Each structure stands twice: as C-alpha cells, then as structure tokens.
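Numbering (our numbering), first residue to last: 11 to 126.
First up is the structure itself, then whatever we jot down about it.
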Amino acid sequence: VQLQASGGGLVQAGGSLRLSCAASRNIFSLDMAWYRQAPGKARELVADITTGGSRHYADSVKGRFTIYRDNAKNTLYLQMASLEPEDTAVYYCNIHNIDWPKYNNWGQGTLVTVSS
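Laid out in structure tokens, this is it:
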C-alpha cells in the first residue's frame, strides 16, 4: 500500500494541526500508526490504531494527540493540539506491527514545525 502524509506546517506553540494520510487502497484490515523523526533523533512511534479502533499513544503526546481512521476514505488522521516545540519533526504514517523499526519504505512524510 502506498501512503501519502500531508497537513504539516509551521504553527506556534499551543496551536493545533491535523495530519492526513491517504492510502492507495483500503486499510480496514491494517493496524496503522503515525511516527515522527526529529532532527538528529531516531524515528519514534507517536500513536497507533488497530483495525478494531483501539488506540495507543506515546507518553509525550498522550492527552494532546488523537489518532483516528476513516476506512471508507482510506485515510488515517492525527489531530494534534497544544503543540510544543518538542513536537517539531517529520511525521510519517505507516502500517503498524512489531517490526516497524525495520521498515524501509517510509515515504516523504510531512514536516511539522512548532515555534516557541
């Protein structure tokens, strides 16, 4: 499946953004996730959502970010609120499973920059 993330941009601390991830085919049978990579840091898992709708969040974003999916539109979303400069990163969407650190295909991602 090909995935295209969008919706990033420059926002002030405390602001909000919604990221979208359009899939080339239906994703209803896939666990999905948002990941991010800040400059000079390793890629990390931000949030994941299972096929059944269960959601899990990194401690750093819990209570501020919401992951959700629209299977009819083959789209994954990440609603981000109360953004902090530490959230600055390139955000990627991808399938989620235990082997995600070994993935080679990450696409372009979308850049989120939070100014203080």
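Even for Gly, the Cβ is constructed at its ideal location relative to N, Cα and C.
Only a predicted model underlies this, so the values are computations on that prediction, with no experimental measurement involved.
Item, Value
"Candidates THR61, ALA57, THR76: closest to TYR67 by CA position", "ALA57"
"Enclosing beta strand (DSSP E) for GLN89 [first to last residue]", "85 to 90"
"Inter-stretch contact at 8 Å, needing at least 3 Cβ pairs: the segment 38 to 55 / the segment 80 to 90", "yes"
"C-alpha distance - ALA99 paired with GLY62, whole-angstrom precision", "28 Å"
"GLU54 - DSSP class collapsed to helix/strand/coil", "strand"
"Cβ neighbours of ARG53 in the same chain (closer than 6 Å, five flanking residues each side left out)", "TYR45, GLN47"
"Neighbourhood of CYS31 by C-beta, 6 Å cutoff - its chain only, sequence neighbours within 5 removed", "LEU13, ALA15, LEU86, CYS103"
"Own chain partners of ALA91 with C-beta closer than 6 Å, once the 5 adjacent residues on each side are dropped", "SER26, ARG74"
"Straight-line gap, LEU121 to GLY50 (C-alpha atoms, nearest Å)", "14 Å"
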